[in-house]
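Residue numbers (this note's numbering): -4 to 422.
Worksheet: the structure to be examined is printed underneath.
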Amino acid sequence: MNAAIIFGILLALMLTGMPISISLGLTVLSFLFTMTQVPLESVALKLFTGIEKFEIMAIPFFILAGNFLTHGGVARRMINFASSMVGHWYGGLGLAGVLACALFAAVSGSSPATVVAIGSILLPAMVKAGFPNKFGAGIITTAGALGILIPPSIVMVMYSVATNTSVGALFMAGVVPGLALAATLGGVTWYRARKFDYPRQPKASVAERIKAFKDSVWGLLLIVVVMGGIYTGMFTPTEAAAMSAMYAFIVAVFVYRDMPLRDVPKVLLNSANMSAMLLYIITNAVLFSFIMTNENIPQALAEWMLGNGLGAIAFLLAVNVLLLLAGNFMEPSSIVLIFAPILFPVAMKLGIDPVHFGIIMVVNMEVGMCHPPVGLNLYVASGITKMGITELTVAVWPWLLSMLVFLGIVTYWPGLSLWFPRMLGMM
């Protein structure tokens, strides 16, 4: 009964068009003051202690690093390198887009940042080379979603905060599925390009490939700094985030010199605005999680599912349906922070690995970012391509369909996610 009231209030507030963060906060306060005896002091205390976790500091640093890289010419050099490697295949520029998105995802941690950085440079080049606008838009919208699966990932940090799962293990668990999804999207791109005989680039010489690699090496080294540092234990994921922000600043301003020093305050301000928005969502989601635990809702849900004989297979199917539906109305950070504390205890009782469950949630978020009505990547890509959301949705469907198949594989094949962190001894 209490669960129905809580979600009823939340849904009613969201339907008014109120931002999700404020809807969460008002839902909690309305329920606490009218239906419970919880003292006001504990609510205030929870607000502060909720964001006192060391891992949360990684979020503003990864956002800052992504902004420096987006404005600092790193994306352009990554596209040139990717194009020199695969441009001569069918749909070469499209394949270069998938590869460039995978590389940029490994340094930015954000899907919208990946779509903006790669899409704004690559899409005009694809149209100029003779590719249909729809083809390029479909690739960039879906491949941009790799930003939250290939580590470092802001959404993985959110999941870690909500469930106390190791960020390092999550990052390493995202590597193999991230590469597998990039290969899947690349396969769809190649097949469609071959089917419709889209243009191919002249094959780059070895010298041109070496030059493209040398030009992009400073950006690519950031992958080594972040992943190598975490794997070797040289620094924690949060320290890796701080290192990546500092490194991105030096590369953008002093190495590539694509960003004048006068632009740095603007980038810092944009990053602070985005970080404040996410931290506000986290704070209210922590309160929401507190009220859920206080009312024993996750435990009741777990007992009901186990009592009705629902096993891990049925539960994971239900989770996928629920998260895909939530993806119609909410953005990834909010979905993870609202649903992870509810679903996580049930998953643990059913013996599902917490890291594997995190990867399932992240892949669901990726799919949600690419379909209407609230798909964040769709809106970002729409701004770049000047295409309507409906037209863009039609353009995206071949890649989106392959992502849904991939979601099924990730869900029921835990080894795909867990093999790499286990091999590294992180689990």
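For glycine and all other residues, C-beta sits at the position ideal for the given N, C-alpha and C.
Exposed or buried, which one is Met398 when buried takes at least 16 other CB atoms within 10 Å? Sequence index remark: in the sequence shown, residue 398 carries index 403 (1-based). Per the 10 Å Cβ criterion, buried.
Is the Cβ-Cβ distance between Val111 and Thr65 less than 8 Å? Mapped onto the sequence shown, residue 111 falls at position 116. Mapped onto the sequence shown, residue 65 falls at position 70. For Val111 and Thr65, yes; Cβs fall inside 8 Å.
Just mark Tyr242 as buried or exposed, buried being the case when its beta carbon has 16 or more other beta carbons within 10 Å. In the sequence shown, the residue the question calls residue 242 occupies position 247. That one is buried.
Nearer than 7 Å: is that true of the beta carbon of Leu8 relative to any heavy atom of the ligand ZN? Questions concerning the ligand ZN fall outside what the structure shown contains, since it holds no ligand whatsoever.
Looking at Asn372: is its Cβ nearer than 8 Å to the Cβ of Ala140? For the purposes of this step, residue 372 is identified with residue 377 of the sequence shown, where counting begins at 1. For the purposes of this step, residue 140 is identified with residue 145 of the sequence shown, where counting begins at 1. Yes; because the gap between Cβ atoms is below 8 Å, this pair is in contact.
Using three-state DSSP, classify His83 as helix, strand or coil. Translated into positions along the sequence shown, residue 83 becomes position 88. Reduced to three states, the DSSP call for His83 is coil.
Put Tyr154 into one of helix, strand or coil per three-state DSSP. Translated into the one-based positions of the sequence shown, residue 154 becomes position 159. DSSP places Tyr154 in helix when its eight states are reduced to three.
Quick check on Ala199: does DSSP put it in helix, strand or coil? Locating residue 199 in the sequence shown gives position 204, where the first residue counts as 1. Coil.
Within a Cβ cutoff of 6 Å, which residues of the same chain sit near Leu168, ignoring the five residues on either side of it in sequence? The residue labelled residue 168 in the question sits at position 173 within the sequence shown. This sequence places Ala at residue 168; Leu is not what is there. The answer, listed in chain order, is Val350, Ile354, Ser412 and Pro416.
Nearest residue (CA-CA) to Val246, options Phe230, Val220 and Tyr407: For the purposes of this step, residue 246 is taken as residue 251 along the sequence shown, with counting starting at 1. Minimum Cα distance to Val246 is reached at Val220.
Take Pro197 and list the residues in its own chain whose beta-carbon comes closer than 7 Å to its own, dropping the five residues that flank it on each side. Position 202 of the sequence shown, counted from the start, is the residue given in the question as residue 197. Within the same chain, Pro197 has close Cβ partners His83.
Does DSSP put Tyr226 in a helix, a strand or coil? On the sequence shown, position 231 is the one that residue 226 refers to. Helix at Tyr226.
If you scan the segment 344 to 369 from start to end, which runs of the beta strand (DSSP E) of 3 or more residues do you find wholly inside it? none
If contact is defined by three or more beta carbon pairs under 8 Å, each pair taking one atom from either stretch, is the segment 306 to 316 in contact with the segment 47 to 59? no
Where do the ends of the alpha helix (DSSP H) carrying Val38 lie? For the purposes of this step, residue 38 is identified with residue 43 of the sequence shown, where counting begins at 1. Element bounds for Val38: Leu35 to Thr44.
Would you call the CB atoms of Gly302 and Leu345 closer than 8 Å? Indexing the sequence shown from 1 puts residue 302 at position 307. Indexing the sequence shown from 1 puts residue 345 at position 350. Result no, Cβ atoms of Gly302 and Leu345 do not sit closer than 8 Å.
In three-state DSSP terms, what is Pro293? As a working mapping, residue 293 is identified with position 298 in the sequence shown. In the structure shown, Pro293 sits in a helix (DSSP, three-state: H, G or I).
Is it right to say Ser211 is buried, meaning 16 or more other beta carbons lie within 10 angstroms of its own, or is it exposed? Taking the sequence shown and counting its residues from 1, the one referred to as residue 211 is at position 216. Looking at its Cβ environment, which holds 16 or more other Cβ atoms inside 10 Å, Ser211 is buried.
So, at 7 Å on beta carbons, what are the nonlocal neighbours of Val391 in its own chain, with the 5 sequence-adjacent residues on each side left out? Looking up residue 391 in the sequence shown gives position 396. Cβ within range, chain order: Gly133, Thr136, Thr137 and Cys365.
Just to confirm the assignment, what range does the alpha helix (DSSP H) spanning Val424 have? Past the edges of the chain, shown from -4 to 422, lies residue 424, and the structure says nothing about it.
Quick one: grab the DSSP three-state call for Phe126. What you label residue 126 is simply residue 131 of the sequence shown in a count that begins at 1. DSSP places Phe126 in coil when its eight states are reduced to three.
Would you give the residue range spanned by the alpha helix (DSSP H) that Arg417 belongs to? Here residue 417 is taken as the residue at index 422 of the sequence shown, counted from 1. Run containing Arg417: Pro409 to Met418, per the alpha helix (DSSP H) assignment.
Are there 16 or more other CB atoms within 10 angstroms of the CB of Arg72, so buried, or fewer, so exposed? Residue numbering aside, residue 72 sits at position 77 when the sequence shown is read from its first letter. The residue in question, Arg72, is buried, as its Cβ has 16 or more Cβ neighbours within 10 Å.
For Phe324, the three-state DSSP class (helix, strand or coil): Here residue 324 refers to the residue found at position 329 of the sequence shown. It is coil, neither helix nor strand.
Residue ranges of each alpha helix (DSSP H) within the segment 235 to 299, 4 or longer: 259 to 289
What distance in whole Å lies between the Cβ atoms of Ser266 and Ile58, which are believed to be in contact at a cut-off of 8 Å? Residue mapping note: residue 58 aligns to position 63 of the sequence shown, counting from 1. Residue mapping note: residue 266 aligns to position 271 of the sequence shown, counting from 1. Contact holds; Cβ gap of about 5 Å.
When the Cα atoms are used, what is the spatial distance from Val341 to Val23? Translated into positions along the sequence shown, residue 341 becomes position 346. Translated into positions along the sequence shown, residue 23 becomes position 28. Each residue's Cα considered, the two are about 22 Å apart.
With distances taken Cα to Cα, identify the nearest neighbour of Met153 among Phe28, Lys129, Leu274 and Gly173. By 1-based counting over the sequence shown, the position of residue 153 is 158. Taking only the C-alpha atoms, the option nearest Met153 is Leu274.
Starting from Met30 and walking both ways along the alpha helix (DSSP H), at which residues does that stretch end? Numbered from 1 along the sequence shown, position 35 holds the residue referred to as residue 30. Ile15 to Met30 is the extent of the alpha helix (DSSP H) around Met30.
Three Cβ pairs or more, each shorter than 8 Å: is that satisfied between the segment 275 to 286 and the segment 11 to 23? yes
Just curious, the alpha helix (DSSP H) that Tyr374 is in, first and last residue? As a working note, residue 374 is residue 379 in the sequence shown. Unbroken alpha helix (DSSP H) run through Tyr374: Leu371 to Thr380.
What three-state label does DSSP hand Met421 in the structure shown? Position 426 of the sequence shown, counted from the first residue, corresponds to residue 421. Coil at Met421, not helix or strand.
Cβ-Cβ separation, Gly142 to Ser105 (assumed contact under 8 Å), whole Å: Position 110 of the sequence shown, counted from the start, is the residue given in the question as residue 105. Position 147 of the sequence shown, counted from the start, is the residue given in the question as residue 142. That belief holds up - the Cβ atoms of Ser105 and Gly142 are roughly 5 Å apart, short of 8 Å.
Can you give me the Cβ contacts of Arg204 inside the same chain, cut-off strictly under 6 Å, excluding the 5 residues immediately before and after it? Taking the first residue of the sequence shown as 1, we reach residue 204 at position 209. Closer than 6 Å at the Cβ level, and outside the excluded window around Arg204, lie Ser79.
Just the Cα atoms here: how many angstroms apart are Ala235 and Phe76? Here residue 235 refers to the residue found at position 240 when the sequence shown is read from its first residue. Here residue 76 refers to the residue found at position 81 when the sequence shown is read from its first residue. The straight-line gap from Cα to Cα measures roughly 25 Å.
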